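Counting from 1, position 137 in the sequence shown corresponds to residue 137 in our numbering; the numbering is continuous, with no gaps.
The C-beta atom is built at its ideal place from N, Cα and C for all residues, glycine as well.
These figures come from a predicted structure and were not determined experimentally.
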Amino acid sequence: MMLQKTYIETVRQHLLDYAAKRREVIKTTGDALHHAKRAIFALQRDDRDEAQAKLKDVEAIFKTLNQTYKKNPLVLAEGSYAAALEEYVEAKLLYGFLTTGKIGPIRELPVPDESYVAGLCDVPGELYRYAIKSATERDYAMAKKCAEMASEIIGELIEFNLTSYLRTKFDQAKQALHKLEQVVYEVSLRD
């Protein structure tokens with residue numbers, strides 16, 4: 001019996017090539033994740049210009065990745081890609097709420113439904129943080145708007161049959177809504 005070493009070498013090369021591409025995707029999506037987190041941080045400080053710039057950075061990174069690996073989409077199934085995309089969705093939706101009062105579709109990048117829902121589930125947590133800041137600054141109307149948006153998000157998501165990872169994210173969103181309702185209640189006592 002003879003092992004076909006040329007075939008084994010081909011398999012080895014494919015795996016090494018994939019590993020190199022995977023490392024590059026992990027590094028690049030790490031940058032995208034960082035920019036998305038910075039966008040959220042900027043929004044929490046009301047620095048919308050910085051947030052918009054960071055969102056554009058993330059969009060450029062994803063457009064490059066999607067173009068570079070369109071013939072090798074398996075690389076884009078890496079967890080780091082999904083994590084960065086979810087963080088981008090969260091930042092983009094929060095930006096939409098704070099600039100227009102609305103949350104809707106994301107048109108700048110292709111976003112799978114699961115990534116959109118995961119990012120949407122994270123928004124109530126950021127709304128809670130923003131409401132605390134607003135209440136501290138005595139902007140009670142904004143704190144109330146944050147609670148109303150979080151309630152609307154939960155009201156829609158409750159109609160989904162979310163399981164596993166998305167269910168966990170949804171449960172966290174419900175907890176954030178509960179905290180937000182507490183903030184609004186406490187503010188109403190002082191008003």
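If you compare the alpha carbons of ALA176, GLU156, PHE170 and ASN161 with that of ALA147, the shortest gap goes to ALA176. In the structure shown, PHE160 adopts coil according to DSSP, grouped into three states. In the three-state DSSP reduction, ASN72 falls in the coil class, being neither helix nor strand.
Less than 8 Å divides the Cβ of VAL111 from the Cβ of LEU85.
In this chain, the alpha helix (DSSP H) harbouring ASP17 covers 5-44. Straight-line spacing of the CA atoms in ILE154 and GLN182 works out to 16 Å.
DSSP places ASP47 in no alpha helix (DSSP H); its state is neither H nor E. Between the alpha carbons of ARG22 and ASN66 lies a distance of about 13 Å. Inclusion of LEU93 and LEU43 in the CB contact set at 8 Å is not warranted, their separation being larger than that value. In the structure shown, ARG138 adopts coil according to DSSP, grouped into three states.
Less than 8 Å separates the beta-carbon of ILE40 from that of ALA91.
When the five nearest sequence neighbours on each side are left out, the beta carbons in the same chain lying within less than 7 Å of the beta carbon of ALA32 are those of VAL58, ILE61, PHE62, ALA84 and TYR88, in order along the chain. A check of alpha carbon separations from LEU55 across THR64, GLU108 and GLY101 identifies GLU108 as the nearest. The stretch 152-169 and the stretch 117-129 touch, with no fewer than 3 CB-CB distances between them shorter than 8 Å.
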